[in-house]
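Q: Protein chains in written order, with the numbering used here: chain A, 4 to 441; chain B, 4 to 441.
Idealized CB from N, CA, C, for every residue including glycine.
Just passing along the structure, written as structure tokens.
Number of protein chains: 2
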Amino acid sequence: MKVKNSIRIDKSASINLNVRGLPQSPTLEINERCKELEREGHKIYRLGLGQSPFPVPSAVVNALKLYAREKDYLPVKGLRELRGAVAEFHREKDHVDAQPENVMVGPGSKELMFLLQLVFYGDIIIPTPCWVSYVPQARILGRKVHLIHTQFEEKWRLSPVRLRDFFESENDDGKPRILLLNYPGNPEGATYSRQDLESIAEVARRYELIILSDEIYGQLDFQGKHVSMASVYPERTIISSGLSKWCGAGGWRLGTFTFPAQLSWLMDAMASVASETYTSVSAPIQYAAVRAFKGGLSIERYLVHARRILSKLGKWCARELSTSGIRVHSPSGAFYLFLDFSVLADRLAERGIQDGPTLCTRLLDEAGVAILPGSAFERPENELTARLSYVNFDGAKALAASESIPLDENLPNDFINHWCHDSVEAIQKLMAWLYQDH
Amino acid sequence: MKVKNSIRIDKSASINLNVRGLPQSPTLEINERCKELEREGHKIYRLGLGQSPFPVPSAVVNALKLYAREKDYLPVKGLRELRGAVAEFHREKDHVDAQPENVMVGPGSKELMFLLQLVFYGDIIIPTPCWVSYVPQARILGRKVHLIHTQFEEKWRLSPVRLRDFFESENDDGKPRILLLNYPGNPEGATYSRQDLESIAEVARRYELIILSDEIYGQLDFQGKHVSMASVYPERTIISSGLSKWCGAGGWRLGTFTFPAQLSWLMDAMASVASETYTSVSAPIQYAAVRAFKGGLSIERYLVHARRILSKLGKWCARELSTSGIRVHSPSGAFYLFLDFSVLADRLAERGIQDGPTLCTRLLDEAGVAILPGSAFERPENELTARLSYVNFDGAKALAASESIPLDENLPNDFINHWCHDSVEAIQKLMAWLYQDH
Chain A
4 MKVKNSIRID
14 KSASINLNVR
24 GLPQSPTLEI
34 NERCKELERE
44 GHKIYRLGLG
54 QSPFPVPSAV
64 VNALKLYARE
74 KDYLPVKGLR
84 ELRGAVAEFH
94 REKDHVDAQP
104 ENVMVGPGSK
114 ELMFLLQLVF
124 YGDIIIPTPC
134 WVSYVPQARI
144 LGRKVHLIHT
154 QFEEKWRLSP
164 VRLRDFFESE
174 NDDGKPRILL
184 LNYPGNPEGA
194 TYSRQDLESI
204 AEVARRYELI
214 ILSDEIYGQL
224 DFQGKHVSMA
234 SVYPERTIIS
244 SGLSKWCGAG
254 GWRLGTFTFP
264 AQLSWLMDAM
274 ASVASETYTS
284 VSAPIQYAAV
294 RAFKGGLSIE
304 RYLVHARRIL
314 SKLGKWCARE
324 LSTSGIRVHS
334 PSGAFYLFLD
344 FSVLADRLAE
354 RGIQDGPTLC
364 TRLLDEAGVA
374 ILPGSAFERP
384 ENELTARLSY
394 VNFDGAKALA
404 ASESIPLDEN
414 LPNDFINHWC
424 HDSVEAIQKL
434 MAWLYQDH
Chain B
4 MKVKNSIRID
14 KSASINLNVR
24 GLPQSPTLEI
34 NERCKELERE
44 GHKIYRLGLG
54 QSPFPVPSAV
64 VNALKLYARE
74 KDYLPVKGLR
84 ELRGAVAEFH
94 REKDHVDAQP
104 ENVMVGPGSK
114 ELMFLLQLVF
124 YGDIIIPTPC
134 WVSYVPQARI
144 LGRKVHLIHT
154 QFEEKWRLSP
164 VRLRDFFESE
174 NDDGKPRILL
184 LNYPGNPEGA
194 TYSRQDLESI
204 AEVARRYELI
214 ILSDEIYGQL
224 DFQGKHVSMA
234 SVYPERTIIS
244 SGLSKWCGAG
254 GWRLGTFTFP
264 AQLSWLMDAM
274 ASVASETYTS
284 VSAPIQYAAV
294 RAFKGGLSIE
304 RYLVHARRIL
314 SKLGKWCARE
324 LSTSGIRVHS
334 PSGAFYLFLD
344 FSVLADRLAE
354 RGIQDGPTLC
364 TRLLDEAGVA
374 ILPGSAFERP
384 ENELTARLSY
394 VNFDGAKALA
404 ASESIPLDEN
414 LPNDFINHWC
424 HDSVEAIQKL
434 MAWLYQDH
């Protein structure tokens, strides 16, 4: 799908040129397009959006109700109790030395990333495929972005060699730079092992690189064994997290950054800008978030079931799609698969499909399956790649079903067919479309 | 009080120079300072912050509880139902032709103002004294600000003559510009009559000026007779409003902009940036806001009582302070008085006080009364002015007390002494401090 809905331009408009022509975020845009087709009466499989299918845990919803009267402006960096809960969360889950004063809370980690790019005066390094908003943020702010393209053979992961090559090609060791790393990753569902991270850290240390480690899917590592970059490169890693993914509360808008002590100047600069923009995160939401980050048995159980379901489904989708000639890795976490159709290039070319955007538009129009082209993730436009998000099922029902199956058993083979039926059907539609006569 | 708490600077810090040295917002900063003094055991009268003393209306709190499970990412510009409720609110209250598609919802009107300044490529005109965040926002974004200083004799209001003089001095009629107008006003509690607005509109029309009309205190016009700039200058007025003031929900963070149809390009550009930053306002908060903007009897009653209390107290404070030689106008709305101590300059100079910041620091340290210096509102630093916010009383109790007194009666004279006791005491402390021997 080509991004067409850039803002309309009036003759009298006087618009910042960094913003003029900026498209709406593609993941949000696809939602609009799907609705349009649905209004026309088509059945649409929404594999485009990256929203958790699971409900917010009851304990957290109840906390929001309990604190619904809270109306005070809270401190810019966040409610003290919440900053404490987030620090403890990372100490326990990620084995890092985080203290409450190292934590900053914002209305989504996306907003915090924007503030980071606004206050930091330096270049931004982004391995691709990457999350859709990193590059537009840099564009709005006039920051210079260096993309490092990775390959299918590397599991779309940044190798230390590529990172070192980049620095050597730049020939300016002292330039201030931030690397945006995201794992388990959107759009490819892959992760990094401790060893991978250590090799990257070695290069980073050499160039005093700041790493923004976007670990928002950390708790959705299928094995529950996420390793934080901050545990191997504590001195310059900022951990980005929030409620959106592991807690199913994307629409609540609460993200967190956890800084190393020596980057407190960055946090303080961000707080200065925050105090002149969003002020603080919604008070009732912050109080409820304390409950979420404090965790405990019921939330841990929720996570274990969520992981079990996502893992079963994600791996099934990858296996199934592989049989059709699509190149795709079995996922390690998150909700996504990054599909490479290059082996099928000739077949697709016969149908007039020679790039990712065309592939996605045709797939949506002809089979009702919505996925996003690789170009939305900063891959070359002519590349036949796309992101598939496999979570278009009723998460509440699937969770309830999983809860009735002991955790020491595997989910039965018909589980996904029964409880994630729409996702399964979508994969079948996609494969049928791929091989249909034209 | 001098603003001292600018961000710490590390030698290795690479910070955007528009942000480096940016102070924390003074209204938030004073809060921290008061807490410090309180920890030392002092009784502090907090007349520095601008937060509504009243609780969020029960109907709205109940709506938040009801929608606590809502977890979806909502549309960037806001929930359709909320945009509709806001449009209807302005149609009914302000007699303007607002439609749902003209409304954009954000996490506070402050954030929306920041986005407006970010996407608009032009100069910003601000009459002073003005709200604390307008100028820092422009500074962060590198926008050029033109301050137009007003005077006590003008009730600190922008006159059409000053506006015309400004344009003539600029000698560039076609330059894109936005005027930020705020009434009932923070920091001076004054408003504009329809006739005032028409005279300003006449000049604005001549120069095709866009007006951002910050009417967040509109419903707190003491007579309930707020006139919107959009009703006299519909073609280029954006109305800024939100839940923070009239609905007592500052900490919830929900603001609204209502655009004229021909400025939809500005709204669309803002939505593009919003989709890459905060994404959308917290879903449960938006659902609850629908209830707030739909209004009805219970909310109308809440407003009438709130106005009656604020009016009684604000006018009493102004009268009382006037007797001590402070120049101050009787307020027409909002929570504030803007005090001019210039008549007392000699007396203050004897005590070593020659500017607003020193005056406020000494008043806080010596009498425990926290008010903000005029310099925080972009007045000259050597001016002996300050903003006093008179709402440090228990709004829930005062509302309940007012509800027991028929609305066709005036509040009795001892009402404020009884229910707004801390505010009364603070005024007395301030006046005693002014005349104390040294």
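From S407(A) to S333(A), what does the alpha carbon distance come to, in whole angstroms?
A: 26 Å
Q: Say whether the stretch 190-203 of chain A touches the stretch 143-159 of chain A, bearing in mind that this needs 3 or more beta-carbon pairs closer than 8 Å, one atom from each stretch.
A: yes
Q: L200(B) by DSSP, collapsed to three states: which one?
A: helix
Q: Quick check: is the beta carbon of L340(B) nearer than 8 Å to any beta carbon in chain A?
A: no
Q: In the structure shown, what three-state DSSP assignment does L246(B) receive?
A: Coil, per DSSP.
Q: Closer than 8 Å, CB to CB, is D217(B) near chain A or not?
A: no
Q: Tell me the rounded alpha-carbon separation between S243(A) and A286(B).
A: 21 Å
Q: Is the Cβ of V164(A) closer than 8 Å to any Cβ of chain B?
A: no
Q: Using only the alpha-carbon positions, how far apart do S202(A) and M116(A) sit?
A: Their Cα atoms are separated by approximately 25 Å.
Q: What's the gap between the Cα of S283(B) and the Cα of R256(A)?
A: 8 Å
Q: Considering only residues of the stretch 246-270 of chain A, which uninterrupted beta strand (DSSP E) runs meet the minimum length of 3 residues and lie entirely inside it, listed in chain order?
A: 258-261
Q: Who pairs with G336(A) in a beta bridge, going by DSSP?
A: D224(A)
Q: Below 6 Å CB to CB, which residues in the same chain sit around E73(A) once its five sequence neighbours on both sides are set aside?
A: Around E73(A): A286, P287 and Y290.
Q: Could you work out which residues of chain A lie near Y76(B), taking near to mean beta carbons separated by less than 7 Å?
A: Q54, G253 and G254
Q: Consult DSSP for V346(B) and reduce its assignment to one of helix, strand or coil.
A: helix
Q: Okay, do the stretch 362-377 of chain B and the stretch 209-228 of chain B touch, 3+ Cβ pairs below 8 Å being the bar?
A: no
Q: What does a CB cutoff of less than 7 Å around V122(B) pick up in its chain, not counting 5 residues either side in sequence?
A: L269, A272, M273 and V276
Q: Could you tell me which residues DSSP pairs with P132(A) in its beta bridges?
A: Paired residue(s): none; P132(A) is not in a bridge.
Q: Ignore the nearest five residues each way along the sequence and tell me which others in I10(B)'s own chain have a CB closer than 6 Å to its CB.
A: With a pLDDT of only 47 at I10(B), under the threshold of 50, the placement of this residue in the model should not be trusted, and no figure is reported.
Q: Could you check the C-alpha separation between M4(A) and L69(A) for me, to the nearest Å?
A: Residue confidence for M4(A) is low, a pLDDT of 38 falling below 50, so the modelled location carries little weight; the figure read from the coordinates is stated next. Answer to the nearest angstrom: the Cα atoms are 43 Å apart.
Q: Taking its Cβ as the centre, do 16 or more other Cβ atoms sit within 10 Å of A2(A), making it buried, or is it exposed?
A: It is not possible to answer for residue 2(A), since the shown part of chain A is limited to 4 through 441.
Q: Check whether the Cβ of R292(A) lies closer than 8 Å to any Cβ atom in chain B.
A: Residue identity check: residue 292(A) is Ala in the sequence provided, not Arg. So no, A292(A) is outside the interface.
Q: Just the Cα atoms here: how many angstroms apart are A389(A) and R382(A)?
A: 9 Å
Q: Cα-Cα, which of K400(B), F380(B), L351(B) and A403(B) is closest to M434(B)?
A: L351(B)
Q: Quick check on this structure: which residue in I214(A), G254(A) and D349(A) has the alpha carbon closest to the alpha carbon of G111(A)?
A: G254(A)
Q: Compile a chain-ordered list of the residues in the stretch 89-116 of chain A whose CB is closer than 8 Å to at least one CB of chain B.
A: P110, G111, K113 and E114
Q: Between the Cα of W319(A) and the Cα atoms of Y438(A), T153(A) and F418(A), which residue gives the shortest distance?
A: F418(A)
Q: Counting Cβ pairs closer than 8 Å, one from the stretch 47-57 of chain B and one from the stretch 42-60 of chain A, do we hit at least three?
A: no
Q: Apart from the five residues just before and just after S314(B), which ones in its own chain have a Cβ nearer than 6 Å to its Cβ?
A: F225
Q: Any chance you could list the alpha helix (DSSP H) runs of at least 4 consecutive residues sitting entirely within the stretch 58-135 of chain A, in chain order?
A: 61-69, 83-97 and 112-122
Q: Look at F169(B) and I151(B) and say whether their C-beta atoms are less than 8 Å apart.
A: yes
Q: Going along the chain, which residues of its own chain have a beta-carbon closer than 6 Å to the beta-carbon of V394(B), five neighbours each way excluded?
A: Here the set comprises P56 and F338.
Q: So what does DSSP say about H149(A), is it helix, strand or coil?
A: strand
Q: Since Y281(A) meets chain B, which of its residues come closer than 8 Å, beta carbon to beta carbon?
A: P110, G111, K113, E114, R256 and Y281
Q: Could you tell me whether the Cβ of S17(B) comes closer than 8 Å to any Cβ of chain A?
A: yes
Q: Could you tell me whether the Cβ of V372(A) comes closer than 8 Å to any Cβ of chain B?
A: So, not an interface residue.
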